[in-house]
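Numbering-wise, full-length UniProt numbering puts 46 at position 46 of the sequence shown, and it's gapless, one number per residue.
This report refers to the structure that appears directly beneath it.
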Amino acid sequence: MEGDIASIGAGLAAIGSGIAAIGVGNVAGNYLAGALRNPSAAASQTATLFIGLAFAEALGIFSFLVALLLKFA
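Dropping the structure here:
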């Protein structure tokens, strides 16, 4: 019974990895849309792009780690 509950919790936590992938795509897509509208300002926004990508990817990694902890700990 406990293993079943842990597996369900791990599966729900793993959904966060997929949501993080959607977030990374959203950040990159919005940057690209802004860069195409104003190419001269694109270079100054590159650092912001990488910070946004790092935060979104970190949330996916954290959710993956929680899923692993729930499954195997």
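Positions of the beta carbon are idealized from the N, C-alpha and C atoms, including for glycine.
Does DSSP put S30 in a helix, a strand or coil? Translated into the one-based positions of the sequence shown, residue 30 becomes position 30. According to the sequence as given, residue 30 is Asn; it is not Ser. In this structure, N30 counts as helix in the three-state DSSP scheme.
A58 lies in the alpha helix (DSSP H); which residues open and close that run? One-based indexing of the sequence shown puts residue 58 at position 58. Residues 46–72.
Under 8 Å, do residue 78 and A56 count as touching if we go by C-beta distance? Since the first residue shown for the chain is 1 and the last is 73, residue 78 is missing from the structure and cannot be characterised.
How many angstroms separate the CA atom of A42 from the CA atom of A54? Position 42 of the sequence shown, counted from the first residue, corresponds to residue 42. Position 54 of the sequence shown, counted from the first residue, corresponds to residue 54. The alpha-carbon atoms of A42 and A54 are separated by roughly 18 Å.
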